[in-house]
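S.K.:
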Amino acid sequence: MRLNQPVRRKYVTILKQINHLAKEMADLSDGKLQAKTAQFKERLVAGESLDDILPEAFAVVREADKRVLGYYPYDVQVLGGIVLHQGEIAEMKTGEGKTLTATLPLYLNALNGAGAMIVTTNDYLSKRDYEEMSPVFQWLGLSVSNAIEDTGKDNKLTALEKRAIYDADIIYTTHAGYGFDYLFENLAASKDDQYLRNIDYVIIDEIDEVLLDGAQTPLVISGMPRVQSNLYIITDQFIRTLDENIDYQFDEDRDNVWLTKKGIRACERYFKIDNLFDPKNIELNRHVFLALRANFLYEKNRNYIVSKGEVKLLNEQTGRIMEGTKLQSGYHQALEAKEEVELTANQRAMASITYQNLFKRFPKIAGMSGTAKVAEAEFQETYGLNVTVVPTNKPVARIDEPDQFFMTLEEKVTAVIDLVNSVHATGQPILLATGSVGMSKLYSDILLSIGIPHNVLNAYNLPKEAMIIKEAGQLGAVTIGTSIAGRGTDIKLGNKVKEIGGLYVIGTERMESKRIDLQLRGRSGRQGDPGKSKFFGSLEDQLITKWSEQQLSIDKYNQGNRPLSQKKLIRIFDLAQDASDSAGRSNRHMSMEFDESLRIQREIIYQDRSQIINGDRKLSFEMIRTKVDEAFDIFLRNNYPLTKERLKRYIFDHLSYQLPEEINQVDLKNLDEVKQLLHQIFADQLHTKQLEITDPDLLEVFLQKAVLKSIDEGWIEQVDYMEQYKKIVTSRQVAQRNVMTEYEKEATRAFKRMRENIYTNMVKHLALSYFERNQKGEWIIQFS
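Residues 1 to 784 in full-length UniProt numbering are what the sequence shown spells out, letter by letter.
1. For my contact list, alanine 576 and serine 548 are in at a C-beta cut-off of 8 Å; report their separation, rounded to the angstrom.
2. Helix, strand or coil for valine 701, going by three-state DSSP, please let me know.
3. Roughly how many angstroms separate the alpha carbons of aspartate 205 and asparagine 285, rounded to a whole number?
4. Between the Cα of lysine 93 and those of Thr174, Glu336 and Lys373, spot the shortest distance and give me the residue it belongs to.
5. What is the residue span of the alpha helix (DSSP H) that glutamate 42 lies within?
6. Whose C-alpha, out of Arg128, Ala114 and Gly113, is nearest the C-alpha of threonine 120?
7. Can you check DSSP and say which residues form a bridge with glycine 537?
8. Let me know the beta strand (DSSP E) ranges lying completely inside the segment 239-324, each 3 residues or longer, listed in chain order.
9. Since methionine 117 is in the beta strand (DSSP E), which residue starts that stretch and which ends it?
10. Whole angstroms are fine: how far does the CA of leucine 442 sit from the CA of arginine 571?
11. Any chance you could list the alpha helix (DSSP H) runs of at least 4 consecutive residues sitting entirely within the segment 46-78, in chain order?
12. Using 10 angstroms around the beta-carbon of tyrosine 640, count the other beta-carbons present and answer buried if the total reaches 16, otherwise exposed.
13. Can you pull the DSSP bridge partners for lysine 162?
14. Taking the continuous beta strand (DSSP E) assigned at isoleucine 430, which residues delimit it?
15. Rounded to whole angstroms, what's the CA-CA distance from histidine 454 to valine 396? Just pull it up for me.
16. On the premise that threonine 482 lies in contact with serine 440, defined as a C-beta separation below 8 Å, what is that separation, rounded to the nearest angstrom?
17. With distances taken between CB atoms, is the gap from proline 73 to isoleucine 14 smaller than 8 Å?
18. Give every residue of the same chain whose Cβ lies closer than 8 Å to the Cβ of glutamate 48, excluding the five residues on either side of it in the sequence, and list them in chain order.
19. Can you look up glutamate 342 in the DSSP assignment and give me helix, strand or coil?
20. Taking Cβ to Cβ, would you say valine 136 is nearer than 8 Å to valine 60?
21. Quick check on threonine 694: does DSSP put it in helix, strand or coil?
22. Counting Cβ pairs, one atom from each stretch, are 3 or more of them under 8 Å apart for the segment 601-617 and the segment 525-539?
23. Please classify residue 791: is it buried, with 16 or more other beta-carbons within 10 angstroms of its beta-carbon, or exposed?
24. If valine 674 sits next to leucine 636, beta carbons under 8 Å apart, how far is it from one beta carbon to the other, in whole angstroms?
25. How would you write the range of the alpha helix (DSSP H) that aspartate 517 sits in, first residue to last?
26. Is the segment 184-197 touching the segment 100-109, taking contact as three or more C-beta pairs under 8 Å?
27. Give me, in chain order, the residues of the same chain whose beta-carbon lies closer than 7 Å to that of lysine 41; leave out the 5 immediate sequence neighbours on both sides.
28. How far does the alpha helix (DSSP H) with serine 449 in it reach, from first residue to last?
29. Using 8 Å for Cβ pairs, my map puts glutamate 132 next to threonine 99. What's the rounded Cβ distance?
30. Ends of the beta strand (DSSP E) at threonine 174?
31. Can you tell me where the beta strand (DSSP E) holding phenylalanine 771 begins and where it ends?
32. Quick check: the Cα distance between threonine 643 and isoleucine 365, rounded to an integer number of angstroms?
33. Give me the Cα-Cα distance between arginine 753 and alanine 334, rounded to the nearest whole angstrom.
34. Spatial neighbours of glutamine 249 within its chain, please: C-beta separation below 8 Å, excluding the five flanking residues on both sides.
35. In or out: threonine 545 buried (at least 16 other Cβ within 10 Å) or exposed?
36. Using CA coordinates, which residue listed in Lys66, Ala46 and Asn303 is at the minimum distance from alanine 26?
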């Protein structure tokens, strides 16, 4: 095994110590080997650190892997485990056994009782890895769980069941599953509904897909549907009547679109209005904007698909359906109107967080990937994570042939099909990688027309994924797929395939990130197997039309029938890919900055909720009266000068359904006198409840529920508002405004408004709520 210098310098000594212990562990009986777990725990309690026991613990679990699973981790896998324990990213090529590698640091980091978690990119992988690896942990005396719910079950897991899952020593889950659990945990109404605990250590499998590719789209929990608008369909119909460059136009990168002056006039004539920008037409204006973007910025079979009458978003990097994810602020409904499917409810955003901030909460993060090194600078800057390249167990035998580029798409497709034809004739299996679902369908149609049987792996047939991957390495197999990075299933070669050269990966285009190209190449040549890869491209590919700064024109570069040299074309593609990668980093940075503005607010709210739920902050009527006093101040300040009608309306809406006699005598100009009257009404309402409910515990529950309900209503409104404002402020880049400055200012203003709304709602929920008994004789709190 050849180690690169950074690895040798840092970890080879530890690896030698582990190897030195191998025979000692092999000589132990099963009982004595299993007893090591309890001994390690005792040593940790006595003051030793995880680093102190690392060599022996790794040697134990390595031997256990052999006895229980039948696999003995190679030196390079042990090396990968050491890297992961140190809180770094281990770059390990496809087929090097990352799943087995993870057993080593997971076992070690679970010994101190602080919890160890491994997150994967999809439910299938999480369940598979849990089922395959959990026997070794259980054999060693540790508890292990899988947090992925069975979608076939009618009933969702209860909080009690989830608590048991997260209390295990080792937890298998997905990044999205854990993220949603975290958000739902912080919407819990009581301690009984909470289930998460603080976990010290997390390993993120395919960490670049999770923290880079998935970082531009925050996790959002939606609920509380808005009243559905009837403008989506009619505005979509209007947009279809428009002409590009006459009624609407794009920016240079075609990332933004807007109506021209002629388009605005056309809109006003179509809807028979005088001014599209009149405040009374704000909803129509918003829906026209949504329809415009849905029709011209979101591309079917690249950004989304339509399956069984539903619009489903796609991860552009992997081609995977983003299950359970919808565009916010009406965008999803605009897409549904465009595709003429049934409109779903437009719901409020109730809670959100980016993957960056979700995983930054862990004291120790580690990750695995086959292509992390090219993004090391971003990992270091954003997460403080270093990347260590772990050598392969056997030398890579794959041959990466030079890329070949063409002027036109037609020339490229012809060259790709010619190569597929010639390679297929030899029986060598082919993986034909495309950049989108649409292109995968195009190549499939061509292969069908020339009689080459094949499988297609894209978002329309992911249920057959495992079977398709299993067959992809067989003699004569041809598999067309969008980029399948992070799918975690190795393409294993069938009989006689090694003899004819192994798997041939044909990239039909350069992808928008260099990492994706490397991941695709890495599907071939696993564990020293032979293989080949070759990528094609044309000046009509989306990578060039979208990202080339040279604004390429085929006519410009093909004057006099003199096409560009391959050297010049390679430079053009490299620069476009660099621009795409740079834009991706910029978008991820902006997404994190947006969320950073809300992070402190989120932590304040979640801490307030946690203290109330856990009883760390004892609520009392005296403490609440100070908040009520602030609510009255807000009302009086916002309604100056005060009128009798406004005062009556406030009392009816927030304090009592009966007006006191004193309201006719109160001096509206004397605000102290008005406030005293409001306090008296509020005190009378609470006194009535205290007379009705004599149980102090029930009264405490009442106060807790009322305050939590007020906080949640305010926070949900804040999250939803800022999600919508984000869409608006992003478009202001066109006007050369500082997006983040505007967003941060508005986030601060909105948080202040939210606090005021919380106090106002607290008055209402405390004063206007009432108690009633159910059929079992239990008291039920009914909030207005």
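Think of the CB as a built atom: it goes at the ideal place given N, C-alpha and C, for glycine as much as any other residue.
M.R.: On the basis of the coordinates in this document:
1. Here residue 576 is taken as the residue at index 576 of the sequence shown, counted from 1. Here residue 548 is taken as the residue at index 548 of the sequence shown, counted from 1. With a Cβ gap of about 4 Å, alanine 576 and serine 548 count as contacting.
2. Translated into the one-based positions of the sequence shown, residue 701 becomes position 701. If DSSP states are grouped into helix, strand and coil, valine 701 belongs with the helices.
3. Residue mapping note: residue 205 aligns to position 205 of the sequence shown, counting from 1. Residue mapping note: residue 285 aligns to position 285 of the sequence shown, counting from 1. Each residue's alpha carbon lies about 44 Å from the other.
4. Indexing the sequence shown from 1 puts residue 93 at position 93. Lysine 93 has its Cα closest to that of Lys373, out of Thr174, Glu336 and Lys373.
5. Reading the sequence shown from its first residue, position 42 is the one you call residue 42. 30-45 is the span of the alpha helix (DSSP H), which, as asked, contains glutamate 42.
6. Looking up residue 120 in the sequence shown gives position 120. Minimum Cα distance to threonine 120 is reached at Arg128.
7. Start at 1 with the first residue of the sequence shown, and residue 537 comes out as number 537. Its beta-bridge partners are Phe405.
8. 248-250, 257-259, 304-307 and 310-313
9. Sequence index remark: in the sequence shown, residue 117 carries index 117 (1-based). 116-120 is the extent of the beta strand (DSSP E) around methionine 117.
10. The sequence position of residue 571 within the sequence shown is 571, counting from 1. The sequence position of residue 442 within the sequence shown is 442, counting from 1. Answer to the nearest angstrom: the Cα atoms are 27 Å apart.
11. 50-64
12. Position 640 of the sequence shown holds residue 640. Flag for tyrosine 640 reads exposed.
13. Reading the sequence shown from its first residue, position 162 is the one you call residue 162. Note: lysine 162 sits in no beta bridge, so no partner.
14. Against the sequence shown, residue 430 aligns to sequence position 430. Element bounds for isoleucine 430: 430-434.
15. The residue given as residue 454 occupies position 454 in the sequence shown. The residue given as residue 396 occupies position 396 in the sequence shown. Their Cα atoms are separated by approximately 27 Å.
16. In the sequence shown, residue 440 corresponds to position 440, counting from 1. In the sequence shown, residue 482 corresponds to position 482, counting from 1. About 6 Å separates the two Cβ atoms, so the contact holds.
17. Numbered from its first residue, the sequence shown carries residue 73 at position 73. Numbered from its first residue, the sequence shown carries residue 14 at position 14. No, Cβ-Cβ distance for proline 73 and isoleucine 14 is not below 8 Å.
18. Position 48 of the sequence shown, counting from 1, holds the residue named residue 48. Closer than 8 Å at the Cβ level, and outside the excluded window around glutamate 48, lies no residue.
19. The sequence position of residue 342 within the sequence shown is 342, counting from 1. Coil.
20. Locating residue 136 in the sequence shown gives position 136, where the first residue counts as 1. Locating residue 60 in the sequence shown gives position 60, where the first residue counts as 1. Contact: no.
21. Along the sequence shown, read from residue 1 onward, the residue named residue 694 stands at position 694. Note: threonine 694 maps to coil in three-state DSSP.
22. no
23. As displayed, the chain neither begins before 1 nor continues past 784, which places residue 791 out of reach and without an answer.
24. Position 674 of the sequence shown, counting from 1, holds the residue named residue 674. Position 636 of the sequence shown, counting from 1, holds the residue named residue 636. Contact holds; Cβ gap of about 7 Å.
25. Start at 1 with the first residue of the sequence shown, and residue 517 comes out as number 517. Unbroken alpha helix (DSSP H) run through aspartate 517: 514-521.
26. no
27. In the sequence shown, the residue the question calls residue 41 occupies position 41. Here the set comprises Leu111.
28. Residue mapping note: residue 449 aligns to position 449 of the sequence shown, counting from 1. First-last of the alpha helix (DSSP H) with serine 449: 437-449.
29. One-based indexing of the sequence shown puts residue 132 at position 132. One-based indexing of the sequence shown puts residue 99 at position 99. About 7 Å separates the two Cβ atoms, so the contact holds.
30. On the sequence shown, position 174 is the one that residue 174 refers to. That run of the beta strand (DSSP E) goes 170-174.
31. To locate residue 771, count along the sequence shown from 1; it is residue 771. Where phenylalanine 771 is concerned, the enclosing beta strand (DSSP E) stretches over 770-773.
32. In the sequence shown, residue 643 corresponds to position 643, counting from 1. In the sequence shown, residue 365 corresponds to position 365, counting from 1. Cα to Cα, the separation comes out at about 59 Å.
33. As a first step, residue 753 is located in the sequence shown; it is residue number 753 there, counting from the start. As a first step, residue 334 is located in the sequence shown; it is residue number 334 there, counting from the start. Roughly 30 Å separates the two Cα atoms.
34. Along the sequence shown, one-based indexing puts residue 249 at 249. Excluding sequence neighbours, glutamine 249 sits near Val257, Trp258 and Thr260.
35. For the purposes of this step, residue 545 is identified with residue 545 of the sequence shown, where counting begins at 1. Under this definition threonine 545 is an exposed residue.
36. Counting from 1 along the sequence shown, the entry for residue 26 is found at position 26. For alanine 26, the nearest C-alpha among the options comes from Lys66.
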